[in-house]
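Q:
2 protein chains.
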Amino acid sequence: MAGKRDSESGPPRPTSFDIARRAGVSQPTVSRALRGDPTISPITRRRVEFIARELGYKVDKNASNLRGQHSQTIAILFFEDQRFNASLINPFFLSMLGSIAGACAKRGYDLIISCQHLSNNWRVDYEDSRRADGIILLGYDDFLTYSAELERLVDEGTHFVHYGAALERHPGLSVGCDDYAGGYQATKHLISLGRRSIAFLGSASDHYPEFFARYRGYCDALRDASLPLQPELQADSVSALPDGEKATRAILASGKNFDAIFAASDLIAIAALGVLRDHGLNVPKDVSVVGFDDIPHASMVTPPLTTIRQDTQLAGEVLVETLLKLMRGEAAEATVLPCQLVIRGSCGGASA
Amino acid sequence: MAGKRDSESGPPRPTSFDIARRAGVSQPTVSRALRGDPTISPITRRRVEFIARELGYKVDKNASNLRGQHSQTIAILFFEDQRFNASLINPFFLSMLGSIAGACAKRGYDLIISCQHLSNNWRVDYEDSRRADGIILLGYDDFLTYSAELERLVDEGTHFVHYGAALERHPGLSVGCDDYAGGYQATKHLISLGRRSIAFLGSASDHYPEFFARYRGYCDALRDASLPLQPELQADSVSALPDGEKATRAILASGKNFDAIFAASDLIAIAALGVLRDHGLNVPKDVSVVGFDDIPHASMVTPPLTTIRQDTQLAGEVLVETLLKLMRGEAAEATVLPCQLVIRGSCGGASA
DNA sequence: ACTTTTCCTGAAAGCGCTCTGACAACAAAG
DNA sequence: CTTTGTTGTCAGAGCGCTTTCAGGAAAAGT
Chain A
2 MAGKRDSESG PPRPTSFDIA RRAGVSQPTV SRALRGDPTI SPITRRRVEF IARELGYKVD
62 KNASNLRGQH SQTIAILFFE DQRFNASLIN PFFLSMLGSI AGACAKRGYD LIISCQHLSN
122 NWRVDYEDSR RADGIILLGY DDFLTYSAEL ERLVDEGTHF VHYGAALERH PGLSVGCDDY
182 AGGYQATKHL ISLGRRSIAF LGSASDHYPE FFARYRGYCD ALRDASLPLQ PELQADSVSA
242 LPDGEKATRA ILASGKNFDA IFAASDLIAI AALGVLRDHG LNVPKDVSVV GFDDIPHASM
302 VTPPLTTIRQ DTQLAGEVLV ETLLKLMRGE AAEATVLPCQ LVIRGSCGGA SA
Chain P
2 MAGKRDSESG PPRPTSFDIA RRAGVSQPTV SRALRGDPTI SPITRRRVEF IARELGYKVD
62 KNASNLRGQH SQTIAILFFE DQRFNASLIN PFFLSMLGSI AGACAKRGYD LIISCQHLSN
122 NWRVDYEDSR RADGIILLGY DDFLTYSAEL ERLVDEGTHF VHYGAALERH PGLSVGCDDY
182 AGGYQATKHL ISLGRRSIAF LGSASDHYPE FFARYRGYCD ALRDASLPLQ PELQADSVSA
242 LPDGEKATRA ILASGKNFDA IFAASDLIAI AALGVLRDHG LNVPKDVSVV GFDDIPHASM
302 VTPPLTTIRQ DTQLAGEVLV ETLLKLMRGE AAEATVLPCQ LVIRGSCGGA SA
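As you go down the protein sequences, you meet chains A and P in turn. Numbering-wise (the numbering used here), the first sequence opens with residue 2 and increments by one. Numbering-wise (the numbering used here), the second sequence opens with residue 2 and increments by one.
Here it is, written out as structure tokens:
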């Protein structure tokens with residue numbers, strides 16, 4: 002008996018040579034027949050296909066990829082501010098994962114994922130090691146932290162697309178939703194509900210491009226309604242629960258009265274909901290709250306959160322389609338996707 | 002000017018030959034040096050490493066994998082009952098994704114993901130085509146639907162691990178939490194709070210092995226407290242919001258009084274929370290609610306959900322470690338992980 | 001001095017596939 | 001009966017790496 006067992010080996014995987022022998026053709030013919038090459042006669046193709054199915058033959062991706070100098074794989078990289086929320090990925094990006102996976106599958110690409118984080122020596126070398134033909138970058142983080150990495154990717158000629166606001170100075174290509182319009186819309190809705198002192202929770206600095214654009218939308222909506230912009234009613238927060246709670250407590254502590262909150266993300270809005278309740282404030286009677294993203298949680302909290310929905314289904318499609326263009330060397334452009342106000346209970350307007 | 006641009010090619014990727022030439026050694030030496038082969042002298046290794054870094058050399062995974070007849074990749078497959086929740090993956094499994102990704106990265110494995118669904122001709126052929134060396138299966142679904150597929154995987158000698166209850170008749174290896182103990186614990190806690198009519202939401206049939214085990218725990222806790230098992234207070238539900246709502250309405254409609262609900266998953270529990278509120282019932286005053294999983298949502302709903310926490314961090318580690326053992330041909334066993342009662346507001350006990 | 005051992009490196013093979021160029025086989029045209 | 005296409009298949013090369021085996025140089029033993 003052999004000392005080391007070879008994991009129930011069974012019959013060795015059939016190769017294209019095995020199929021060729023059985024079909025009485027050469028090995029390259031098998032390869033061509035199976036790939037639908039038109040120079041192979043239908044009769045031959047039929048026979049090869051039949052035998053291949055019979056033997057359970059599957060093309061070896063490693064060999065095929067090595068020969069073809071590609072990987073037929075796209076990598077998705079989650080990066081996020083790691084000061085909070087240890088191993089948790091923002092649910093918003095998670096919900097995009099499904100649609101990206103679908104979009105890849107539809108096009109015959111595999112999807113490999115990584116949750117590496119910028120903090121500790123982030124090295125995007127999937128493409129370097131030919132593990133992926135292109136990369137999708139997902140996350141909210143301080144722009145300064147990752148723009149250098151992006152720059153490097155551009156320099157190295159790596160194919161990648163980033164989801165988020167498309168700044169002019171942003172290295173590489175971005176696909177994102179219309180954050181500005183979303184911010185404007187959310188604020189305008191609050192105003193139309195009679196709210197006059199609207200707080201903004203989320204970074205107002207351009208280190209967080211998405212949040213910044215939403216903030217500008219908020220400012221402009223205020224201005225267009227001739228409402229004053231009150232700096233005391235803005236508090237920084239990244240998209241994480243503990244941070245959102247801190248920000249809410251900050252505006253509460255400011256002593257300034259407010260009757261509405263526009264939060265730059267649902268996670269922040271949900272955090273605000275809890276703090277508000279703890280302070281004996283009723284939502285939406287005392288304070289209207291609107292979030293951003295429409296993560297799955299949004300409809301489950303009490304009251305259900307009014308928010309700006311980003312179409313993750315569409316975003317996923319556009320993201321991989323754009324990346325594919327880039328990979329083929331075709332011209333590709335940054336895309337701004339529309340977003341949509343979803344009215345639920347937290348703003349006091351008509352509930353859907 | 003060339004008609005077709007070749008995507009800003011730049012200098013071609015360096016190969017181990019390029020490094021070899023520059024270092025004045027042979028190509029195999031480069032390969033060995035870079036992999037830390039002890040037969041290479043430190044001086045040579047140092048030189049090779051330096052030049053490799055200088056040229057930005059990265060091992061071509063395709064070539065390496067082809068030669069080594071493996072892929073250094075693990076595939077993760079989400080499958081779930083698709084009657085509800087279209088493109089959404091159960092948040093519980095999503096939260097496991099992060100830990101699995103981490104566990105794979107730590108061991109030098111890539112992770113490829115697929116959200117295919119059993120419904121339409123599910124074929125797991127990652128291993129067949131050598132894209133993955135092993136597979137992790139994640140999801141709640143009718144056991145009957147997928148056990149045949151599992152059977153086939155076993156027959157083909159595919160290496161895989163499934164997360165869920167480990168039934169004796171379950172094909173392949175499972176890692177799961179102690180669903181029975183969790184169900185028992187949850188129910189016992191409810192009883193200790195003085196609740197006497199405890200409903201169970203979730204399938205009581207063995208088509209859903211995890212739910213079934215939780216149900217048995219529930220039954221035994223009832224029995225040990227000499228409480229009657231009331232069939233009217235059990236309603237079927239798979240882990241999805243609409244289904245949970247339907248189940249809650251069903252027990253409400255039964256006319257039977259109840260003062261507590263043990264839901265087989267947090268998603269069901271959250272659905273119950275909403276329906277209960279709509280019926281003017283107060284949680285936890287009128288009805289205590291306990292869920293299962295401790296998904297991120299659980300702590301965000303109102304009131305925060307008391308639940309049984311599954312340790313996703315640990316589960317991820319054990320899952321890949323078990324799979325790795327299988328892949329190496331070592332003996333591996335099904336594992337049952339402990340789970341833990343997390344007391345929050347929804348049960349009326351001491352809040353954490 | 002020569003043989004033996006030890007240490008380090010190189011030549012060559014080959015993983016399974018795809019692609020280029022050549023070549024039979026046959027039909028149509030000169 | 002040769003020439004020119006056309007069609008369907010094949011031989012061969014090679015993608016970049018790892019591995020086995022053999023061999024040269026230095027260190028040690030006789």
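Built from N, CA and C at the ideal position, the CB exists for glycine as well.
List the residues of chain P that His298/A touches, going by C-beta distances under 9 Å, in chain order.
A: Sequence index remark: in the first sequence, residue 298/A carries index 297 (1-based). Simply Pro92, Pro297, His298, Met301, Val302.
Q: What number of angstroms, rounded off, separates the C-alpha of Lys257/P from the C-alpha of Phe212/P?
A: For the purposes of this step, residue 257/P is taken as residue 256 along the second sequence, with counting starting at 1. For the purposes of this step, residue 212/P is taken as residue 211 along the second sequence, with counting starting at 1. C-alpha separation (whole angstroms): 23 Å.
Q: Does DSSP classify Val291/P as helix, strand or coil?
A: The sequence position of residue 291/P within the second sequence is 290, counting from 1. It is a strand residue.
Q: Count the other CB atoms within 10 Å of the CB of Val155/P; is the residue buried (16 or more) or exposed (fewer)?
A: Here residue 155/P refers to the residue found at position 154 of the second sequence. Exposed, by the Cβ-count rule.
Q: Any beta carbon from chain P within less than 8 Å of Lys59/A's own beta carbon?
A: Position 58 of the first sequence, counting from 1, holds the residue named residue 59/A. Output row for Lys59/A: interface = yes.
Q: Nearest-angstrom Cα distance between Ser148/P and Arg217/P?
A: In the second sequence, counting from the first residue as 1, residue 148/P sits at position 147. In the second sequence, counting from the first residue as 1, residue 217/P sits at position 216. Going by the C-alpha atoms only, they are around 21 Å apart.
Q: Strictly below 7 Å CB to CB, what residues from chain P border Cys116/A?
A: Counting from 1 along the first sequence, the entry for residue 116/A is found at position 115. What Cys116/A touches in chain P: Gly99, Ala102, Gly103.
Q: Expressed to the nearest angstrom, what Euclidean distance is found between the alpha-carbon atoms of Thr159/P and Gln341/A?
A: Counting from 1 along the second sequence, the entry for residue 159/P is found at position 158. Counting from 1 along the first sequence, the entry for residue 341/A is found at position 340. Roughly 45 Å between the two C-alpha positions.
Q: Using a C-beta to C-beta distance shorter than 7 Å, which residues of chain A count as neighbours of Ser72/P?
A: Stepping through the second sequence from its first residue, residue 72/P is reached at position 71. Ordered by position in chain A, the residues that pass the 7 Å Cβ test against Ser72/P are Asn63.
Q: Any residues in the region 268-298 of chain P with a beta carbon nearer than 7 Å to a beta carbon of chain A? Which ones, in chain order?
A: Taking 7 Å as the Cβ-Cβ cut-off against chain A, the residues of the region 268-298 of chain P that qualify are Ile271, Pro297, His298.
Q: Hey, is Cys340/P's beta-carbon within less than 8 Å of any beta-carbon in chain A?
A: The count along the second sequence starts at 1 and reaches residue 340/P at position 339. False, the Cβ-Cβ gap to chain A never drops below 8 Å.
Q: Hey, could you find the ends of the alpha helix (DSSP H) Ile75/A is sitting in?
A: By 1-based counting over the first sequence, the position of residue 75/A is 74. It is not in any alpha helix (DSSP H) - Ile75/A instead sits in the beta strand (DSSP E) that spans 74-79.
Q: For the alpha helix (DSSP H) that contains Ile344/A, what are its first and last residues?
A: Numbered from its first residue, the first sequence carries residue 344/A at position 343. Per DSSP, Ile344/A belongs to no alpha helix (DSSP H) and is neither H nor E.
Q: Mind pulling the alpha helix (DSSP H) runs of 4 or more residues that sit fully within the region 99-173 of chain A?
A: Whole alpha helix (DSSP H) segments, 4+ residues: 144-156.
Q: Name the one or two DSSP bridge partners that Cys178/A has.
A: Position 177 of the first sequence, counted from the start, is the residue given in the question as residue 178/A. Per DSSP, Leu338/A.
Q: Would the beta-carbon of Leu320/A fall within 8 Å of that of Gly135/A?
A: Within the first sequence, the letter at position 319 stands for residue 320/A. Within the first sequence, the letter at position 134 stands for residue 135/A. No, these two residues do not count as a Cβ contact at 8 Å.
Q: Counting pairs of beta carbons, one from the region 162-171 of chain A and one from the region 198-214 of chain A, are three or more of them closer than 8 Å?
A: Verdict: yes, contact present.
Q: Under 7 Å Cβ-Cβ, which residues of chain P neighbour Arg131/A?
A: Residue mapping note: residue 131/A aligns to position 130 of the first sequence, counting from 1. Ordered by position in chain P, the residues that pass the 7 Å Cβ test against Arg131/A are Asp61, Lys62, Asn63.
Q: Do we get a CB-CB distance below 8 Å when we pair Pro15/A with the residues of chain P?
A: Along the first sequence, one-based indexing puts residue 15/A at 14. No, its Cβ sits nowhere closer than 8 Å to a Cβ of chain P.
Q: As a quick exercise: from Leu230/A, Leu138/A, Ser300/A, Tyr185/A, pick the residue whose alpha carbon is nearest that of His163/A.
A: Along the first sequence, one-based indexing puts residue 163/A at 162. When only C-alpha atoms are compared, the closest one is Leu138/A.
Q: So, does the region 302-319 of chain P touch the region 100-117 of chain P, judging by three or more C-beta pairs under 8 Å?
A: Taking 8 Å as the limit for Cβ pairs, the verdict is that the region 100-117 of chain P does touch the region 302-319 of chain P.
Q: Measure the beta-carbon distance from Leu112/A to Ile77/P and round it to whole angstroms, keeping in mind my assumption that it falls under 8 Å.
A: Counting from 1 along the first sequence, the entry for residue 112/A is found at position 111. Counting from 1 along the second sequence, the entry for residue 77/P is found at position 76. Contact doesn't hold; Cβ gap of about 10 Å is too wide.
Q: Please list the partners that Leu112/P has in chain A, where partner means a Cβ-to-Cβ separation under 7 Å.
A: Taking the second sequence and counting its residues from 1, the one referred to as residue 112/P is at position 111. Simply Ile113, Ile114.
Q: Just to confirm my understanding: we take Arg14/P, look at its own chain, exclude 5 residues before and 5 after, and list those with CB closer than 7 Å. What are they?
A: Indexing the second sequence from 1 puts residue 14/P at position 13. Taken in chain order, the list of residues that qualify is empty.
Q: Give the straight-line distance between the Cα atoms of Arg23/P and Gly37/P, rounded to the nearest whole angstrom.
A: As a working mapping, residue 23/P is identified with position 22 in the second sequence. As a working mapping, residue 37/P is identified with position 36 in the second sequence. Each residue's alpha carbon lies about 19 Å from the other.
Q: At 7 Å on the CB atoms, spell out the chain P contacts of Asn66/A, in chain order.
A: Taking the first sequence and counting its residues from 1, one reaches residue 66/A at position 65. Near Asn66/A (Cβ distances below 7 Å), the residues of chain P are Asn63.
Q: Can you list, in chain order, the residues of its chain with a C-beta nearer than 7 Å to that of Gly109/A? Leave out the 5 residues immediately preceding and following it.
A: Reading the first sequence from its first residue, position 108 is the one you call residue 109/A. The answer, listed in chain order, is Gln73.
Q: With a 10 Å radius around its C-beta and 16 neighbouring C-beta atoms as the bar for buried, classify Leu274/P as buried or exposed.
A: For the purposes of this step, residue 274/P is taken as residue 273 along the second sequence, with counting starting at 1. Leu274/P comes out buried.
Q: Looking at the C-beta of Gly4/A, does it have a partner C-beta in chain P at a distance below 8 Å?
A: By one-based count along the first sequence, residue 4/A stands at place 3. Low confidence applies here, because Gly4/A scores a pLDDT of 32, under 50, leaving its location unreliable; read the following figure in that light. Closer than 8 Å: no.
Q: For a cutoff of 8 Å on Cβ pairs, would you count Ala106/P as touching chain A?
A: Locating residue 106/P in the second sequence gives position 105, counting from the first residue. Yes - at least one Cβ of chain A is within 8 Å of the one on Ala106/P.
Q: Is His71/A near the ligand ADP, with its Cβ less than 7 Å from a heavy atom?
A: Within the structure as shown, the ligand ADP is missing, as the structure has no ligands at all.
Q: Pairing CB atoms from the region 278-288 of chain P with CB atoms from the region 219-231 of chain P, are three or more of them under 8 Å?
A: The region 278-288 of chain P vs the region 219-231 of chain P: no contact.
Q: Could you check what DSSP says for Phe201/P in three-state terms: helix, strand or coil?
A: Sequence index remark: in the second sequence, residue 201/P carries index 200 (1-based). Looking at Phe201/P - three-state DSSP - the assignment turns out to be strand.
Q: So which residues on chain P does Leu95/A lean against when the C-beta distance must stay under 7 Å?
A: As a position in the first sequence, residue 95/A is number 94, starting the count at 1. Per Cβ cutoff of 7 Å: Leu95.
Q: Measure the C-alpha to C-alpha separation of Ser65/P and Tyr127/A and round it to an integer number of angstroms.
A: Translated into positions along the second sequence, residue 65/P becomes position 64. Translated into positions along the first sequence, residue 127/A becomes position 126. Using only the alpha carbons, I get a separation of about 14 Å.
Q: When the Cα of Gly281/P is compared with those of Arg250/P, Ile296/P, Arg68/P, which residue comes out closest?
A: In the second sequence, the residue the question calls residue 281/P occupies position 280. Residue Arg250/P is the option with its Cα nearest to Gly281/P.
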